[in-house]
Each structure stands twice: as structure tokens, then as C-alpha cells.
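Counting the sequence shown from 1 gives a position; the UniProt record's numbering is that position plus 406.
Working notes for the structure below.
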Amino acid sequence: ATPTALMAASGRGARLGIFLKGYQALESTRDVDTVVLDKTGTVTSGEMSLVDVACGEGVDRARVLRLVGSLEEASEHAVATAISAAARAELGELDRVESFDNEPGLGAVGVVDGCEVLAGRAKLFDERGLTVPPELERQRGEWEQQGRTTVVVGCDGAVLAVLALADLVRPSAERAVHRLHRLGLRTTLLTGDNAATGRAVATEVGVGEAIAEVLPGEKVEVVRRLQAEGSRVAFVGDGVNDAPALAAADLGLAVGAGADVAINAADLILVRQDLTVVPDGIELARGTLRTIR
Ligand code: ADP
Ligand code: MG
């Protein structure tokens with residue numbers, strides 16, 4: 407590689423909010439045919455808000471919010487932060503959490519006010535043999551069709567309520583995806599969220615396919631599976647959980663301020679908020695390669 411071409415690319419990249427880790431990043435871009443986009447924090451803003459609460463029969467909304475809000479104060483997940491903030495806004499002071507366990511990709515479990523509180527995906531409840539009452543299950547399905555993230559809340563083995571959270575899709579996402587397609591790339595949305603929510607968000611931004619209910623540790627396996635099928639994969643992610651997938655991908659793109667581990671694992675660092683920085687990065691790398699050859 408000619409150092410001048412690389413330096414010129416670095417300069418142009420910096421103006422676009424793109425930082426190249428080196429020549430390797432450019433080489434990798436050449437053959438990429440599939441772009442895997444992490445949903446939460448990448449395609450969406452990751453700043454969630456609680457928008458709806460459906461309680462089971464005879465269940466008091468304030469009690470539900472107190473239990474789940476107190477529990478989620480112990481978690482740093484975006485879903486948890488949104489729930490505890492809403493509970494605090496509505497109820498003021500919350501209760502102390504007596505014990506807390508994070509179930510990665512599923513939810514949270516802990517003791518609040520002497521009651522064992524569960525909050526998370528339906529799978530967290532399935533695993534414990536707990537069933538969601540039909541009316542709450544129907545509401546959950548409806549919200550997920552609308553692209554909401556839903557959280558089921560239980561206490562001492564009884565399902566109390568379902569919550570709906572909204573996470574705004576980045577306004578630039580649809581344009582970015584459209585440009586990736588014009589570059590001849592296939593797109594896939596990857597999420598730990600449920601299948602209906604994943605599909606709804608994929609449809610909203612025009613991504614071809616959604617792979618949902620992927621546990622944090624399995625993201626890297628999805629990348630490897632696509633590679634085993636013959637794809638050359640670019641992975642775009644932001645979080646701590648995304649680092650192994652960023653490293654395993656043929657090209658790793660870390661977006662936003664991002665977690666330090668994500669930045670270390672990536673080939674390209676994208677510091678512009680606007681998601682069109684993704685096609686910009688791929689075009690920049692491809693263009694630079696053409697100059698070098
Ligand atoms: P993503 O990859 O979409 O950011 P995660 O793998 O971190 O998601 O989590 C997957 C899903 O598990 C979330 O969408 C949420 O439904 C549920 N979840 C995770 N942590 C919590 C929590 N503390 N409280 C409630 N639900 C949670
Ligand atoms: Mg994420």
C-alpha cells in the first residue's frame with residue numbers, strides 16, 4: 407500500500423467521522439457482501455422509554471411499577487434504565503433491592519419487598535414453567551407487531567403485567583440501508599429482542615432479514631455461521647456484547663461513542679451519529695483500495 411493513499415484516506419475519513427485502524431481494514435472491505443447490523447443502539451438510538459403498561463386482572467399498576475422499577479435500578483441495561491426512570495417519575499422514591507441477578511439476554515431477577523421479582527422476555531418465564539395469562543399474552547403480541555420491546559413482570563411465580571418500551575429507529579437508518587443495497591450488499595438485522603419486534607424494525611428500515619432472540623454470547627456464532635455459508639461479513643455494533651462479533655467479522659465497524667472493548671475489536675470506528683456513516687465507510691475503504699492498486 408502506498409502510504410500517501412492511506413494518509414489521504416485517513417484524512418478524508420476523519421472529516422466524515424470515520425477512523426481506519428490500518429491497511430487491513432481496507433483489504434477486508436473488498437470482498438464484504440453481507441452487512442449485519444445490531445439493532446439496539448445501532449439501528450435504534452438505544453434510548454428507550456416506557457410507553458405502556460398492561461396489568462393482569464386485579465393487579466395494581468403502582469405496585470407493578472414499584473416492584474419492577476426497584477428491581478431494575480440494579481441493572482444497567484437500556485431496558486432497565488427506562489423502566490426505573492419511569493417508575494421513579496411516577497412514584498418518587500423506590501424500594502431497596504435485597505438481591506439481584508442479571509440473566510444476560512433474558513432479563514433480571516431479584517428480591518424487592520420480600521417478593522421474588524422477575525422481569526424480562528417471555529423465555530425467562532418459560533424456563534421457569536410460568537405461563538403468561540392469555541389477555542397479557544395477546545397484548546404482548548400486539549405490541550411486538552408494532553416493534554415494541556416488551557417486558558413481562560412477575561412476582562413469586564405469578565405473572566403480574568406486561569410493559570411496552572419504545573426505542574426510536576435512527577432517522578438515518580433507512581437511507582443508510584438503501585445505500586448499502588445500492589452498493590450490492592445484503593443486510594441482516596441482529597437482535598436479542600423477540601422475533602416480532604426484530605421483524606417490525608427490519609421492515610421499518612428496509613433491512614432484508616432479521617435474526618432475533620440471539621443471546622449476547624451467540625452474536626459471534628451468527629457471524630461465523632454466515633461466514634461458513636460463504637458470506638464475507640461486515641458487523642456493525644456498539645456495545646460491550648458486540649466485541650467478539652466485531653472481531654470475528656471480516657470487517658468490524660464500531661458506531662457511536664461505543665464501549666471501549668467494541669472500539670478495540672473493530673477495524674473502522676464510526677464517530678458520526680448518522681448511520682449513513684456505514685455506507686460512507688465502506689465506500690471510502692473501497693475507493694482507497696482502487697487508488698492503491
Ligand atoms: P440487544 O442485543 O437487543 O441489545 P440484549 O441481548 O441485551 O438485547 O437483551 C435481549 C432482551 O432481553 C432485551 O430486548 C430485553 O427484552 C431483555 N432484557 C435484557 N435485560 C433486561 C432487564 N434488565 N430487564 C428486562 N428485560 C431485559
Ligand atoms: Mg446493541
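Idealized CB from N, CA, C, for every residue including glycine.
Shortest gap from the CB of residue 458 to any heavy atom of ligand 1: 7 Å or more. Here residue 582 has 681, 682, 684 and 685 as same chain residues with Cβ atoms under 7 Å from its own Cβ, once five neighbours each way along the sequence are excluded. Counting along the chain, no beta strand (DSSP E) covers residue 662, and no H or E run does either. Between ligand 1 and residue 514, a heavy atom-to-CB distance of less than 7 Å is present. The criterion of a C-beta distance shorter than 8 Å is not satisfied by residue 608 and residue 601. The alpha carbon of residue 452 has as its nearest neighbour, out of 482, 428 and 430, the alpha carbon of 482. Straight through space, the alpha carbons of residue 425 and residue 662 are spaced by roughly 12 Å. Secondary structure note for residue 575: it is in no alpha helix (DSSP H), and the uninterrupted beta strand (DSSP E) holding it is 564-575.
At a Cβ-Cβ threshold of 8 Å, residue 470 and residue 567 count as neighbours. In the displayed model, residue 612 falls within coil according to three-state DSSP, outside both helix and strand. Residue pairing from DSSP places residue 455 in a beta bridge opposite 572. Between residue 579 and residue 449, the C-beta spacing is below 8 Å. In this structure, residue 478 lies near residue 490, with their beta-carbon atoms less than 8 Å apart. Note on the region 484-509: whole beta strand (DSSP E) runs with a minimum of 3 residues are 503-509, in chain order. Just so you know, the alpha carbons of residue 697 and residue 594 end up roughly 30 Å apart. Inclusion of residue 438 and residue 657 in the CB contact set at 8 Å is warranted, their separation being smaller than that value.
Contact between residue 651 and residue 435 fails: their C-beta atoms lie close to 17 Å from each other, not under 8 Å. With contacts defined as CB atoms closer than 8 Å, residue 539 and residue 523 fail to qualify as a contacting pair.
Exposure of residue 430 is indicated by the presence of fewer than 16 other C-beta atoms within 10 angstroms of its C-beta. Relative to ligand 1, residue 483 has its C-beta within less than 7 Å of a heavy atom.
Along the length of the region 409-473, whole alpha helix (DSSP H) runs at least 4 residues long occupy 409-422 and 429-435, reported in chain order. For residue 637, the CB contacts under 8 Å within the same chain, skipping 5 residues up- and downstream, are 439, 440 and 592 in chain order.
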